[in-house]
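Let me begin by presenting the structure, written as structure tokens, before commenting on it.
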Amino acid sequence: MKDPFNVVKARYVTEKATMLEQLHLSDKNRCLARCDAPKAVFLVRTSANKQEIAKAVEEIYKEKNVKVTKVNTILTKGKPKKRGRARPGSTASYKKAIVTLEKGDRIDEV
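Position one of the sequence shown corresponds to residue 142 (my numbering), numbered consecutively onward.
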């Protein structure tokens, strides 16, 4: 097995990601109450597949006994940017993974 810290680079913390992680806690809205499983968003290696991501997350958080039920991935391509007047450049491409955990599991490192 590959080193799990080479597959999963970092936790992806944005306003939208934290809202997605807290969907399973909302009881007021019936549509959101269907999201009963907790989710976590990670930046991962662009060549990593879903099975590698699931195994890496379970290995990193094995002291919390976390089980991954589903992994969704999003590949975001870099946008063209200018570096000065005539030097074209671009931002880096990256891959995000939205990991769905079993009901009752928690990852509290934000």
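All C-beta atoms, glycine included, are put in the ideal place defined by N, C-alpha and C.
Residue i versus residue j: straight-line alpha-carbon distance, rounded
{"i": "Phe183", "j": "Tyr153", "result": "5 Å"}
{"i": "Ala238", "j": "Thr232", "result": "19 Å"}
{"i": "Leu164", "j": "Lys143", "result": "31 Å"}
{"i": "Lys218", "j": "Ala189", "result": "15 Å"}
{"i": "Val209", "j": "Arg224", "result": "41 Å"}
{"i": "Thr187", "j": "Ile215", "result": "10 Å"}
{"i": "Ala227", "j": "Ser234", "result": "22 Å"}
{"i": "Lys205", "j": "Met160", "result": "22 Å"}
Exposure label - residue i; buried when at least 16 CB within 10 Å
{"i": "Ile194", "result": "buried"}
Contacting residues, own chain, Cβ-Cβ under 8 Å from residue i (five flanking each side not counted)
{"i": "Ala181", "result": "Arg152, Glu162, Val198, Ile239, Val240, Leu242 and Ile248"}
{"i": "Tyr202", "result": "Ile248"}
{"i": "Asp246", "result": "Pro179, Lys205, Asn206, Val207 and Lys208"}
Expected contact under 8 Å - CB spacing of residue i and residue j to nearest Å
{"i": "Gly230", "j": "Lys222", "result": "5 Å"}
{"i": "Lys191", "j": "Val212", "result": "4 Å"}
Residues near residue i in its chain [Cβ-Cβ closer than 6 Å; skip 5 each side]
{"i": "Val149", "result": "Phe183, Val185 and Ala197"}
Residues of its chain near residue i, where Cβ-Cβ distance is below 7 Å and the 5 sequence neighbours each way are ignored
{"i": "Lys244", "result": "Asp177 and Ala178"}
{"i": "Ala158", "result": "Val182"}
{"i": "Asn147", "result": "Arg186"}
List, from N- to C-terminal side, the alpha helix (DSSP H) runs of 4 residues or more that fit wholly inside the segment 173-230. 191-201
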